[in-house]
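Per UniProt numbering, residue 1 is the first one in the sequence shown, and the count goes up by one each step.
No residue lacks a Cβ here, since even glycine has one placed at the ideal position from N, Cα and C.
Below: one structure, written as structure tokens.
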Amino acid sequence: MTVQMILLPLFVHVALVLAVLLRAVRSTEVTADGLRAGLAAVLFYTLTALALFTRKADVAFVVLAWIFVLLRLASAFPQMLSPKLRAERGIGGVSLDLASLAVLTLMWVLFAFAILLAI
């Protein structure tokens, strides 16, 4: 069995999870911030381990990983100062959670293409 065939179901499931998370972040009905952050963290850890194992962690991956982590820090920092604070808006009025999930989505897309196209 090839690496592509083994990882293809993972890529499809990750696409589903990221689509649901991105929709949830944009929705005002969802308030489970910890759940979203926890799922994003698991997807980030999984992607990092896979990229390292498959040797697909290039400069673009590392730069995007740092952008993701910095956005997560910027989102979490106000809550660490005071539980009452919430960093709703970040850069240009875009939610920091939405921005970090967009970066994570891009990381997964680039990784999936690198694996599936064997580049």
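Between which two residues does the alpha helix (DSSP H) containing Asp97 stretch?
96 to 116
Looking at Thr54 and Ile115, is the spacing between their C-beta atoms short of 9 angstroms?
yes
With C-beta atoms as the reference, is Leu64 less than 9 angstroms away from Leu110?
Cβ atoms of Leu64 and Leu110: closer than 9 angstroms.
Tell me the DSSP secondary structure of Thr48 in three-state form.
helix
With distances taken Cα to Cα, identify the nearest neighbour of Asp97 among Lys56, Ala76, Phe61, Ala60.
Of the candidates Lys56, Ala76, Phe61, Ala60, the one whose C-alpha sits nearest the C-alpha of Asp97 is Ala76.
Any idea what DSSP makes of Ala75, helix, strand or coil?
Reading off the sequence, residue 75 comes out as Ser, not Ala. Residue state, collapsed to three classes: helix.
Cβ atoms of Ala51 and Phe61: under 9 angstroms apart, would you say?
yes
Does Phe11 come within less than 9 angstroms of chain E when only Cβ atoms are used?
The question asks about chain E, but that chain is absent: this structure has only one protein chain.
When we look at the beta-carbon of residue 125 and count the other beta-carbons within 10 Å, is it buried (16 or more) or exposed?
Residue 125 lies beyond the range of the chain shown here (1 to 119); nothing can be said about it.
Output the distance between the C-alpha atoms of Ile6 and Ala57, rounded to the nearest integer angstrom.
19 angstroms
Can you tell me whether Arg26 is buried or exposed, with buried defined as 16 or more other CB within 10 angstroms of its CB?
Arg26 comes out exposed.
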